[in-house]
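The sequence shown maps to residues 0 to 614 in numbering that gives the first Met the number 0. Beta carbons are placed, not taken as given, at the ideal position from N, Cα and C, and that holds for glycine.
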Amino acid sequence: MLSQQNEIIEAGAIFRLLFIIESREGWGAAKDAYDPACDLVLTYDFGLKHDIDALGGRAYYLDHLCSQAIMQENNFLMYHFFRDWHFDKNGKDLFNHNGVDFGFSFRIEIWNDFTFYVRTRMCLEQLRTIQYEALWVGAGQDLIFEVLQDMGLPFSVLEKVLKTGKPRYFFPIHRWMDERLRIRTWRQVLRDVVVPLQGVAMAWVDSLVGRFLTQDCIFVQEYHPSRALMYALQADPEVKVLQGHFSAKSGFRKFWGERPIPVYGRVSKLIPLADKLMDGWIQSRCARLVLSNGIDITEPSFRLIERRIRSLLPATLRNLDCVIRYLNRFPLKLVVLIGNVGQLAMLVDSVAKNRAVPTYMIINGILSNEYLDEAKYASFINSYSVSIRDNYFKGLDNVVCLGDPRMDGYYDFSPNSRIDRSLTHIAIGASGFNNVDLNSYLSVEYEFLSDVLTAISNVAKQGNEIDVVLKVRPNGYVGDYRIFIEEYFPGVVIRIEDEIPMRTVLEQVDFYISIYSQTLFEASCMGIPCVYHKKDVEIMDPPFDGKSEVVTTTSVPELEQAIIDFLSGSTRFDSFLSKPVMEKYIGPLDGKNLERNISFVKKLIKTSCMESESD
């Protein structure tokens, strides 16, 4: 296991003033009072930390102040509470409607709020171990105010300052979650009109067709691992595929051929029932969260959860009624999931559990954190490979290794003969904040990118010609990366890509540097030497444990050496280019993963049909 240390405040350290400033945007309110010789700045922002370091002062990341071991210990404590928050003392789900337990379905909505509070609380508790005269907090940091008030620590709020326009270099996780789950664009408003109309019309058509044609209904949660499977099943005349939304297919044919479950009806009439359920939960909940330092944060955790779900509950009840009504009309034989998260998908899963309908989980990428229970709740689970089965799913007997259908495109495994070491093309896979792990921190992607670009720049200065492309996630903020590179590394990166597929990028490069990611396996399957640069301090399973075949670096000098080794033709990368090694971690590379998954799904449908007939 790699052991990297966070920037831990030394117990007993003495400072004059402490400043908690979100970013450079708010630094103007503090800079006149700041003395780099005796003050401490806590921030989320790579830019502000960089500026304070340049002044000779001390700045730490606000969300990265505890040791790796302590945060890992609290990961386990936190997720024990996360599993139990909606149960009473007898293990009964306190959110039940029409016989269906659905408390589990709120996971995606509360996950980030909960983990962010725990991470912040753990880090700010470190302030009790040091001495200081006064604590000043930048305006507008409501969560920080809330945590400090929960702790009983006195603080003063800095005056608001005019916006400077300086960019902030950390991942805006709260904004990102709101954009994905809560902010309604015109497309979503239109979707909410079209789906019910289309759904009701197609339900009427399907009822007529059902008199002459028998089809087995299954629900598929569509995402990258399940997409090819869903498309194949949609083409099967014996199967009717239900969905949570329209697929990513282009064109208008999907409006005739696809079956998203329609959701409609007045939410307001369910407010009294929602209030009754909330009152019952408040009275009977029993989970507790006591951190490893002995601090009980049960009530703040419940407060955050209540704040989020109270406003969601009436609409959730409406949605659940719609799912129940639709599945009464079109009974399911199987549910196919890619995770234990999702809004409508988890309501379908809740109804399926109530009706003893089997679920099949195709995991969404490499799962590698011991404390997590994500994707572990299903009748059958496709772990892709024996490594994930034996590590992440250790102890479960319902796991199969059928491979990732996406990897069928890499079955023609052969060394990449076009590698050019004279004019090297390097791709960088952007890092990202992991909101489910206490050992992650908001600025990790910029710390990672700074390390990688510094190493590449240093190697290039030695006379090596290097062309650099940065691949950013489609759901990232590509503009922030452009500004960051212009400020700190002008001219180093030739281009930034966020929309084109990763495979297209990899087809154009000779060397690949990334975080822990499935893209490392994709690159290796194309014969491209890879480096896993570990700027995070998360504790992970193989091959991201620092002891496995993938070349792993943890510092700029180590990464420089890895690039130089690649340029000189070193064999240190060869092991991770081996097909048997790839198959150990990612599953079969024979081009038959989709075929295996389809066969398994049809077997489950057949078994489900036989059990239904026997009942």
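Rounded to the nearest angstrom, the gap between the Cα atoms of N95 and F101 is 6 angstroms. Straight through space, the alpha carbons of L319 and G98 are spaced by roughly 11 angstroms.
Going by beta carbons, L16 and W135 fall inside the 8 angstroms limit.
Comparing alpha carbon positions, the residue from M406, L576 and V399 closest to S598 is V399. Looking from the CA of T553, the closest CA among K601, K602, R571 and D450 belongs to D450. Rounded to whole angstroms, the separation of the alpha carbons of Y487 and F45 is 11 angstroms. The stretch 6 to 15 makes contact with the stretch 129 to 148, as at least three CB pairs between them are under 8 angstroms.
Judged by pairs of C-beta atoms under 8 angstroms, the stretch 267 to 276 touches the stretch 304 to 319, as three or more such pairs exist. Rounded to the nearest angstrom, the gap between the Cα atoms of S439 and A355 is 38 angstroms. Under the Cβ criterion (8 angstroms, minimum of three pairs), the stretch 254 to 270 counts as touching the stretch 187 to 207. In this structure, DSSP gives M525 a state outside helix and strand, which the three-state scheme calls coil. Around the beta carbon of V204, fewer than 16 other beta carbons sit within 10 angstroms, so the residue counts as exposed. For V240, the enclosing beta strand (DSSP E) starts and ends at V238 to Q242. Relative to F103, the option among G408, T551 and G341 whose CA is nearest is G341.
Minimum Cα-Cα distance from K533 among the listed residues E521, V555, K48 and T518 corresponds to V555. Taking C-beta separations shorter than 7 angstroms and ignoring five residues to either side along the sequence, the partners of D112 in its chain run L303 and R307, following chain order. Shown here for L441: same chain residues with a beta carbon closer than 7 angstroms to its own, the five before and five after excluded, namely Y43, D62, F169, F170, I172 and F432 in chain order. With contacts defined by Cβ atoms closer than 8 angstroms, W26 and I19 do not form a contacting pair. Around the beta carbon of D436, a 10 Å sphere encloses 16 or more other beta carbons of the protein chains shown; the residue is thus reported as buried. Counting other Cβ atoms within 10 Å of its Cβ, Q242 reaches 16 or more and is therefore classed as buried. Secondary structure in the stretch 368 to 435: the alpha helix (DSSP H) runs of 4 residues or longer, each lying completely within the stretch, are 385 to 390 in chain order. In this structure L331 touches A351 by the C-beta definition: roughly 6 angstroms separates them, less than 8 angstroms. With contacts defined by Cβ atoms closer than 8 angstroms, G526 and L576 form a contacting pair. Per the C-alpha coordinates, the member of L93, Y409, V334 and N397 positioned closest to S607 is V334.
Secondary structure at S155: strand, using DSSP grouped into helix, strand and coil.
Within the same chain, and ignoring the five residues on either side of Q125 in sequence, the residues whose Cβ sits closer than 6 angstroms to its Cβ are I8 and L64.
Per DSSP, the continuous beta strand (DSSP E) segment holding I19 begins and ends at L16 to I19.
The Cβ atoms of I337 and P224 sit closer than 8 angstroms to each other. Residue pairing from DSSP places M360 in a beta bridge opposite L336 and I380. Separation of F301 and V492 (C-alpha to C-alpha, rounded to the nearest whole angstrom) is 45 angstroms. Within 10 angstroms of the beta-carbon of I13 lie fewer than 16 other beta-carbons, which makes it exposed. In terms of Cα proximity to D235, the closest of G250, G394, E221 and C216 is C216. Two segments are said to touch when three or more pairs of C-beta atoms, one from each, lie closer than 8 angstroms; by this definition the stretch 417 to 429 does not touch the stretch 379 to 386.
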